[in-house]
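A.B. asks: In our numbering, the protein residues as written are 48 to 222. Ideal Cβ placement from N, Cα and C applies to all residues, glycine included. Quantities reported herein were computed from a predicted structural model and do not represent experimental measurements.
What follows is the structure in structure tokens.
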């Protein structure tokens, strides 16, 4: 696997000062869940503290380069993921186990989207090795494809039932 390229993005914060963020695929960074797109249920930027308490930074793994709007896809890491996405132990991807909190899990479900300005680097900067990153990427891709296929099967099944029930109704009414 090639060494991931680096993307530098310049952005302006509220004080009009210039900030720089350097991001690579496989980087482990920190982000507040309230900045995920779409936002988690029950959160807004204004009411985050009221609805969820003071949720701090959580580790995320950068999966893609920034799009034209400066957003990247990330895999979330947590001990308790909201909405129960499919997860795997972080150690499967060579990530360390926290001696105090224990093993964290990585979401291998549909990635979250976040603007690069809402990512904070770890100190010291941390990244996955290319082989483990490729393994995580493959598992997420397979999971998303399977999810899509299940959704399509459900849609097809629903459409078939609707069509058949209408056809039966027509036959019963029209002798």
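1. According to DSSP, what are the bridge partners of residue 120?
2. Do the segment 152-159 and the segment 115-126 touch if we need at least three Cβ pairs shorter than 8 Å?
3. One question on the structure: do residue 107 and residue 183 come within less than 9 Å of each other, judged by their Cβ atoms?
4. Report the CB separation of residue 134 from residue 126 in whole angstroms; it is logged as a contact under 8 Å.
5. Grab me the residues of residue 176's own chain with a C-beta within less than 7 Å of its C-beta, minus the 5 sequence neighbours each way, in chain order.
6. In chain order, what residues of the same chain have a beta carbon less than 8 Å from the beta carbon of residue 194, not counting five sequence neighbours either side?
7. Might you give, ordered along the chain, the residues of its own chain that have their beta carbon closer than 8 Å to the beta carbon of residue 148, omitting 5 neighbours on each side?
8. Spatial neighbours of residue 105 within its chain, please: CB distance less than 8 Å, with the 5 preceding and 5 following residues excluded, ordered by chain position.
9. So within the segment 124-197, which uninterrupted beta strand (DSSP E) runs reach at least 3 residues, ignoring any that extend past its ends?
10. What separation, rounded to the nearest whole angstrom, lies between the Cα atoms of residue 69 and residue 189?
C.D. replies: The relevant details are as follows:
1. 160
2. yes
3. no
4. The Cβ separation is near 10 Å, so there is no contact.
5. 141
6. 156, 157
7. 126
8. 77, 78, 79, 80, 123, 124, 125
9. Runs found: 134-136, 152-154, 159-162, 167-174.
10. 28 Å
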